[in-house]
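K.L.:
2 protein chains.
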Amino acid sequence: MSSYSVASPYNTETIYQDLREGILSLKYKPGQLLSENAIAAAYQVSRSPIRAVFSRLANENLLMILPQKGSYVTLIDYDFIREIIYMRTLVERDILKQAAASCDDKLIKNLESNLRKQHRLADLGSRADHERYYQIDNEFHQICFRHVGRDLLWQILQEHQVHYRRFRMLDILSQQILSKLVDEHELIAQVISSGDTNKLDQLIEEHLVNGLHRIEQLVMTEHPDYFYSSNSN
Amino acid sequence: MSSYSVASPYNTETIYQDLREGILSLKYKPGQLLSENAIAAAYQVSRSPIRAVFSRLANENLLMILPQKGSYVTLIDYDFIREIIYMRTLVERDILKQAAASCDDKLIKNLESNLRKQHRLADLGSRADHERYYQIDNEFHQICFRHVGRDLLWQILQEHQVHYRRFRMLDILSQQILSKLVDEHELIAQVISSGDTNKLDQLIEEHLVNGLHRIEQLVMTEHPDYFYSSNSN
DNA sequence: ACTTGTACACTTGTATACAAGTGTTAAAAA
DNA sequence: TTTTTAACACTTGTATACAAGTGTACAAGT
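Here it is as structure tokens:
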């Protein structure tokens, strides 16, 4: 290594995280071309580390590599999302029931703290940072998983549901008003602390499936070019 | 390309599938060293395509690349398995209930056909092809998913539960007698066709969790070097 | 005007030389 | 004998040259 001026300030793992986060946050749009040379130049490295990164992204279905043509950010698979939501509903239902059954002051305190954060952001109206809201929304659910000792499952779900994450991001970004989402979380928290698990089934179902309807009606008309249906093709 | 004698008979995708299948079928043992040069030589290609493959495998947590040291087949994460089984139990419970509710002749015919295959293999005793049994076992569950219109979810679960697959393979390989597994499937099929969904919850739970107990008692003592616990470390 | 063909500027795929870290082995020094 | 040191045979990481396919732009021919 020639000491200075040649070495890139980025290491391969950082570049991978960067690109991945860029795709998941919709900074790189579904369908967009990502060229090895362009990315390599941007990060001041050769194509070698970029190719390793591209291979990983392609393997996660975030990038589609077409030999001799180009590499493109994958479209969001609508059918994929539907199945993930079905699974998430089943899991979340069970987790939240357990949380309600073993609810204590600590859990209530954590959930209320999270809800305050959600309110603070929602109160900003259109000036709210929607990406930040996504994080806090996620945190709400994670608190429940962690409370019943399933933090690892939460992490597994996160890592494996990359398509779902882009869908959620798009859903939140297209929300004019965040308060509706906050209200749903508020309701869930109430049910957990009151232990009234009867209402929970329908509540969770609605909370997760609502997003699917919103996407169907609103986003599919605005960004049909972002989506893809593996069944209809 | 110099026409002949130089080009490898393998393409990169084939090599990837090969190595992946090798790891999942336990042909490559957990903890075993896989060197880029060795694999490259075996497939008569340079390190470049192998590195791409290794990157993908590492990203799926099937290979651990230690820079300047070597690349090793990952150990099976015990805590990971536990969480996957928890999730699988929830999903399978719901799927099988739906299957029981919408049971028809076609479903019964498919399940019985599958069970006959299981019996044929189990009757061979110790001469049975255990890897083949794994496939048929899988097929049994897939039939149920497909019947309720969730074939895509089945595929998603398959792709994402690579650790679980190694666990199942090890479980089946260590079974002296396959008939116990066949009996469990037989019972599940009966419940589906009879529509007696009350027993289903416990049945599925046992069917999936039994493997966990078997591994705890039997395999952990025979192959402790195959396993790893992310919680205790 | 239309068609055809060619050159060129892209794209990813592969092979290879070298960089740099690690661990072992064996020889040399204490 | 013990310790230290140096050489060597590995490992993966990076940069680079070239191979080969694709699409476009533009000019020549019909």
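Here the protein sequences come in this chain order: A and B.
Counted the way my numbering counts, the first sequence spans residues -19 to 213.
Counted the way my numbering counts, the second sequence spans residues -19 to 213.
Don't be surprised by glycine CBs; every beta carbon is placed ideally from N, CA and C.
For A/F120, tell me which candidate among A/P10, A/N90, A/R146 has the shortest Cα-Cα distance.
P.N.:
The candidate whose alpha carbon is nearest that of A/F120 is A/N90.
K.L.:
Since B/H187 contacts B/E164 with CB under 8 angstroms, what's their CB separation in whole angstroms?
P.N.:
The pair is a contact, with the Cβ atoms about 5 angstroms apart (cut-off 8 angstroms).
K.L.:
In three-state DSSP terms, what is A/I45?
P.N.:
Strand.
K.L.:
In whole angstroms, what is the alpha-carbon distance linking B/L46 and B/L13?
P.N.:
Cα-Cα distance, rounded: 11 angstroms.
K.L.:
Relative to chain A, which residues along the region 0 to 18 of chain B have a C-beta separation below 7 angstroms, given in chain order?
P.N.:
The residues in question: there are none.
K.L.:
Should A/E(-7) be flagged as near chain B, meaning a C-beta pair shorter than 8 angstroms?
P.N.:
Not closer than 8 angstroms to any Cβ of chain B, the Cβ of A/E(-7) fails to qualify, so no.
K.L.:
Would you please verify whether the beta carbon of A/N118 is less than 8 angstroms from any beta carbon of chain B?
P.N.:
Not one chain B Cβ lies under 8 angstroms of A/N118.
K.L.:
Is it the case that the Cβ atoms of A/L95 and A/R112 are separated by a distance below 8 angstroms?
P.N.:
It is not a contact, given that the beta carbons lie outside the stated cut-off.
K.L.:
Which word fits A/T201, buried or exposed, when buried means at least 16 other C-beta atoms lie within 10 angstroms of its C-beta?
P.N.:
With fewer than 16 Cβ atoms within 10 Å of its Cβ, A/T201 is classed as exposed.
K.L.:
Quick check on DSSP: helix, strand or coil for B/D176?
P.N.:
Of the three classes helix, strand and coil, the one that applies to B/D176 here is coil, per DSSP.
K.L.:
For A/H140, return the contacting residues in chain B, with the cut-off set at a CB-CB distance below 7 angstroms.
P.N.:
What A/H140 touches in chain B: H140.
K.L.:
Regarding A/L4 and the ligand GTP, is the C-beta to nearest heavy atom distance less than 7 angstroms?
P.N.:
As presented, the structure is devoid of all ligands, the ligand GTP included, so that no description of it is given.
K.L.:
Establish whether the CB of B/V128 and some CB of chain A are separated by less than 8 angstroms.
P.N.:
Not an interface residue.
K.L.:
Does any CB atom of chain B fall closer than 8 angstroms to the CB of A/L132?
P.N.:
Yes, A/L132 lies at the interface with chain B (some Cβ there is under 8 angstroms from its Cβ).
K.L.:
Taking the alpha carbon of A/Q122 as the reference point, which residue from A/D109, A/L137, A/K7, A/N39 has its own alpha carbon closest?
P.N.:
Checked all of A/D109, A/L137, A/K7, A/N39; the closest Cα to A/Q122 is A/L137.
K.L.:
Whose CA, out of A/P29, A/R0, A/L158, lies closest to the CA of A/R107?
P.N.:
Out of A/P29, A/R0, A/L158, A/L158 has the C-alpha closest to the C-alpha of A/R107.
K.L.:
Provide the residue span of the alpha helix (DSSP H) that contains A/V53, from first to last.
P.N.:
Run containing A/V53: none in the alpha helix (DSSP H); it sits in the beta strand (DSSP E), 50 to 53.
K.L.:
Any chance the region -5 to 14 of chain B sits against the region 164 to 180 of chain A, with 3 or more Cβ pairs inside 8 angstroms?
P.N.:
Counting Cβ pairs under 8 angstroms, fewer than three are found: no touch.
K.L.:
Taking 8 angstroms as the limit between beta carbons, can you name the residues of its chain near B/E16, skipping five residues before and five after?
P.N.:
Same-chain partners within the cutoff: R27, I30, R31, F34, S51.
K.L.:
Buried or exposed: where does B/N39 fall if 16 or more other Cβ atoms within 10 Å of its Cβ makes it buried?
P.N.:
With 16 or more Cβ atoms within 10 Å of its Cβ, B/N39 is classed as buried.
K.L.:
Could you give the C-beta distance for B/Y58 and B/F207, rounded to a whole number, given that I count them as a contact under 8 angstroms?
P.N.:
With 8 angstroms as the limit, B/Y58 and B/F207 qualify as a contact, their Cβ atoms being about 5 angstroms apart.
K.L.:
Run through chain A and tell me which residues come within less than 7 angstroms of B/M67, C-beta to C-beta.
P.N.:
Chain A residues near B/M67: V71, L133.
K.L.:
Quick one: which chain A residues come within Cβ less than 7 angstroms of B/R36?
P.N.:
Per Cβ cutoff of 7 angstroms: S35, R36, N39.
K.L.:
If we ignore side chains and look at the alpha-carbon of each, how far apart do A/V53 and A/D205 end up?
P.N.:
Their Cα atoms are separated by approximately 12 angstroms.
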